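Asks:
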Amino acid sequence: MPENQANHTAQLSSSAESSPSSRTANFLAGPVFDKVMAVIGILPFLLAVYLTFRTHTLGIVPMCLIIHYLLFAVTMLVRRTAVRITTNPLYWLLTLIATYWLWLTGVFINPGAGVIPHWCSIILAILGMAIAVYSRISLGRNIGLVPAQRQLVTTGAYGLVRHPIYTGVFINYLAFALDSYSPGNVVLAVLGVFWYVIKSIVEERFLAADPEYAAYMQRVRWRFLPWIV
Numbered sequence: 003m004p005e006n007q008a009n010h011t012a013q014l015s016s017s018a019e020s021s022p023s024s025r026t027a028n029f030l031a032g033p034v035f036d037k038v039m040a041v042i043g044i045l046p047f048l049l050a051v052y053l054t055f056r057t058h059t060l061g062i063v064p065m066c067l068i069i070h071y072l073l074f075a076v077t078m079l080v081r082r083t084a085v086r087i088t089t090n091p092l093y094w095l096l097t098l099i100a101t102y103w104l105w106l107t108g109v110f111i112n113p114g115a116g117v118i119p120h121w122c123s124i125i126l127a128i129l130g131m132a133i134a135v136y137s138r139i140s141l142g143r144n145i146g147l148v149p150a151q152r153q154l155v156t157t158g159a160y161g162l163v164r165h166p167i168y169t170g171v172f173i174n175y176l177a178f179a180l181d182s183y184s185p186g187n188v189v190l191a192v193l194g195v196f197w198y199v200i201k202s203i204v205e206e207r208f209l210a211a212d213p214e215y216a217a218y219m220q221r222v223r224w225r226f227l228p229w230i231v
């Protein structure tokens, strides 16, 4: 009887592994698809770097932006292949919207008017990018866009909050809204933050299936700002 049960379990396991959803998950987590998606994912950022060189005087903010985007591109290209990746198409769509929000809605951005001194906006922008750069260095080769399980990072910026890159993004949205204030720009900035908040919830719902990540969530209790949220 135990032998029959073992055979039955093995058959079920084999069946699960050959199921369409399992085959899709294995394909998405495969090294070839991973590298292809990494290359596609960084193209808008590399275009932004090129356009920044072409159209901006290379002051401190454009240089910080270039460093940030190039670091993102390099880490994406050398990232570890995912152990597990979501197959939910809505999660992929959410990632697309959150990551490329300002590219998707750029036609609606207008110059606006600053509501704080320009130097304050510059400091906010530099702070946001510095946090994002430090967070990407902390994350190293474990970077991803869609919810995926790679090597868990619990040190550096990730020892303080669980989504430090998003913290940097939020500060940059704040700098954008204050330096180029208009009702439309504020709506775009608020929605940009909203997509990342939802994305963080979706990611953690996916990753919490891993006991190690669930324990990490208990140790590092803050998503974006220590002792606040």
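For the sequence shown, counting from 1, position 1 maps to 3 in my numbering; every step adds exactly one. Positions of the beta carbon are idealized from the N, C-alpha and C atoms, including for glycine. As the structure is a computational prediction, the values presented were derived from the model and not from experiment.
(1) Taking the alpha carbon of residue 194 as the point to measure from, which residue in 175, 73, 204 and 205 has its own alpha carbon closest?
(2) Measuring only the C-alpha atoms, how far is residue 217 from residue 57?
(3) In whole angstroms, give me the CA-to-CA distance for residue 154 and residue 115.
(4) I'd like the ranges of any alpha helix (DSSP H) spanning at least 4 consecutive residues and lying wholly in the segment 97 to 140.
(5) Any contact of the segment 129 to 144 with the segment 169 to 183, i.e. 3+ C-beta pairs under 8 Å?
(6) Put residue 150 into one of helix, strand or coil per three-state DSSP.
(7) Please classify residue 157: is it buried, with 16 or more other beta-carbons within 10 angstroms of its beta-carbon, or exposed?
(8) Buried or exposed: where does residue 103 fall if 16 or more other Cβ atoms within 10 Å of its Cβ makes it buried?
(9) Suppose contacts are defined by Cβ-Cβ distances below 8 Å. Is residue 44 in contact with residue 74 by that definition?
(10) Which residue or residues does DSSP assign as beta-bridge partners of residue 87?
(11) Please name the residue in 119, 54, 81 and 65 whose C-alpha comes closest to that of residue 31.
(12) Could you tell me which residues DSSP puts in a beta bridge with residue 183?
(13) Leaving out the 5 sequence neighbours to the left and right, which residues in its chain are closer than 6 Å to residue 33 when beta-carbon positions are compared?
(14) Taking all protein chains shown into account, decide if residue 15 is buried (16 or more other Cβ within 10 angstroms of its Cβ) or exposed.
(15) Could you please give the first and the last residue of the uninterrupted alpha helix (DSSP H) stretch that includes residue 52?
(16) Please confirm whether any heavy atom of the ligand GDP lies closer than 7 Å to the CB of residue 228.
Replies: On the basis of the supplied data:
(1) 175
(2) 47 Å
(3) 42 Å
(4) 103 to 106
(5) yes
(6) strand
(7) exposed
(8) buried
(9) yes
(10) 150
(11) 81
(12) 115
(13) 83
(14) For residue 15, the predicted structure reports a pLDDT of 40, less than 50, and the residue's modelled location is therefore unreliable. A value from the coordinates is still provided. Label assigned to residue 15: exposed.
(15) 33 to 57
(16) With respect to the ligand GDP, the structure offers nothing, as it holds no ligand at all.
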